[in-house]
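> Heads up, the sequence shown is in the numbering used here, so the first residue is 312 and it goes up one at a time. Glycine included, every Cβ here is placed at the ideal spot set by N, Cα and C.
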Amino acid sequence: MPTVLITGTNRGIGLEFARQYSAEGWEVIATARQSSKELDALGVRVEALDLSDADAVAGFTVDGALDLFISNAGASGPKDPRTADDAREWQAMMMANSIAPYTLARALLPRMADGGKMIAISSGMGSIGDNGGGWVPYRTSKAALNMAWSSLALEVRGRGVACVLLSPGWVKTRMGGAGAEITPEESVSAMRKLIDRLTMDDSGRFLRRDGSELPW
């Protein structure tokens, strides 16, 4: 039975990843700051993990081998930062969206099976080449994640672990809003099909859920 660890699983895309992989017979290790009744109903293993806690992130580990790690948890932060409080929220978002995912990936690396995959859920808004302006804090956090994961791909290539960045699209979640284009079910289903066919040749790439390349 393959094992996947997913962060940010109490709702939205992370919850849907946990639901679909569990339904397919995977052993699912789901992390969240706090669980939810929807997550508890899945009957998967739930581990508390707060990505704002650097010590907890760096020291996090699991027993046994991991076939797949999906770094999904993240925050949207202030849209238009003007104040010192906005700046502090931006700083916290950088930890959650970029620093913690990389630190956690490094902590989990000894548990990754040969041929395993490490996936970071990024965003088209992290693309500098396709920058539409606005949402500067969120854009910078995802651009930083992209650089960290690209570097991770180079660092672990000798282990045969593929590290890939995926953009889920504009999804109907609390962050994406009700006016978004697709449901979590549609987005996750497409990303899972893509994850299944990823190889080491894809390591270090930044892809849309349909497998097409996004500009850096």
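#1: Assuming Gly-437 and Ala-454 are in contact, meaning their beta carbons sit under 8 angstroms apart, how far apart are those beta carbons, in whole angstroms?
#2: Determine which residues share a DSSP beta bridge with Leu-476 and list them.
#3: Please state whether DSSP places Ile-381 in a helix, a strand or coil.
#4: Within a Cβ cutoff of 7 angstroms, which residues of the same chain sit near Asp-397, ignoring the five residues on either side of it in sequence?
#5: Is DSSP giving Asp-396 helix, strand or coil here?
#6: Just to check my reading of the structure: Val-467 and Lys-428 have Cβ atoms closer than 8 angstroms, yes? What is that Cβ distance to the nearest angstrom?
#7: Tell me whether the beta-carbon of Pro-479 lies closer than 8 angstroms to the beta-carbon of Ser-498.
#8: Would you call Arg-450 buried or exposed, if buried means 16 or more other Cβ atoms sit within 10 Å of its Cβ?
#9: Roughly how many angstroms separate the alpha carbons of Thr-342 and Met-404, rounded to a whole number?
#10: With distance defined between alpha-carbon atoms, name the residue in Ile-432, Tyr-413 and Asn-457 nearest to Gly-440.
#11: Could you pull the start and end residues of the beta strand (DSSP E) that Ile-340 belongs to?
#12: Using the Cα positions of Ser-523 and Ala-369, report the straight-line distance between them to the nearest angstrom.
#13: From Val-482 to Ala-416, what does the alpha carbon distance come to, in whole angstroms?
#14: With DSSP as the reference, label Arg-322 as helix, strand or coil.
#15: Below 8 angstroms on the Cβ atoms is my contact criterion, and I expect Thr-372 with Ala-418 to pass it. Report the Cβ-Cβ distance as a whole number of Å.
#16: Take Met-423 and list the residues in its own chain whose beta-carbon comes closer than 6 angstroms to its own, dropping the five residues that flank it on each side.
#17: Would you tell me roughly how many angstroms separate the C-alpha atoms of Asp-507 and Thr-394, rounded to the nearest one?
#18: Taking the alpha carbon of Gly-445 as the point to measure from, which residue in Asp-391, Arg-399, Glu-400 and Asp-361 has its own alpha carbon closest?
#19: Could you give the distance in angstroms between the alpha-carbon of Leu-350 and the alpha-carbon of Glu-400?
#20: If I follow the unbroken beta strand (DSSP E) through Ala-352, where does it start and stop?
#21: Tell me which same chain residues have a C-beta within less than 6 angstroms of the C-beta of Tyr-332, skipping the five on either side of it?
Inspection of the coordinates gives the following:
#1: Your pair Gly-437 and Ala-454 checks out as a contact, with CB atoms roughly 5 angstroms apart and the cut at 8 angstroms.
#2: Answer is Ala-431 and Phe-517.
#3: Strand at Ile-381.
#4: Excluding the 5 residues flanking it on each side, Asp-397 has same chain C-beta neighbours closer than 7 angstroms at Pro-389, in chain order.
#5: Correct three-state label for Asp-396: helix.
#6: Contact between Val-467 and Lys-428 fails: their C-beta atoms lie close to 11 angstroms from each other, not under 8 angstroms.
#7: It is a contact, given that the beta carbons lie within the stated cut-off.
#8: Label assigned to Arg-450: buried.
#9: Approximately 18 angstroms between the Cα atoms of the pair.
#10: The option with the nearest alpha carbon to Gly-440 is Asn-457.
#11: It spans 338-343 - the beta strand (DSSP E) in which Ile-340 sits, taken as one unbroken run.
#12: A direct Cα-to-Cα measurement between Ser-523 and Ala-369 gives close to 33 angstroms.
#13: Val-482 and Ala-416 have their alpha carbons spaced roughly 25 angstroms apart.
#14: Three-state result, Arg-322: coil.
#15: Confirmed, Cβ separation roughly 6 angstroms.
#16: Once the five neighbours on either side are set aside, the close Cβ partners of Met-423 are Leu-377 and Val-472.
#17: Those two C-alpha atoms are separated by around 44 angstroms.
#18: The shortest CA-to-CA distance from Gly-445 to any of Asp-391, Arg-399, Glu-400 and Asp-361 is the one to Asp-391.
#19: Cα-Cα distance, rounded: 27 angstroms.
#20: Per DSSP, Ala-352 is not a residue of any beta strand (DSSP E), being assigned neither H nor E.
#21: If the five residues before and after Tyr-332 are omitted, its C-beta is found closer than 6 angstroms to the C-beta atoms of Val-315 and Val-339, all from its own chain and listed in chain order.
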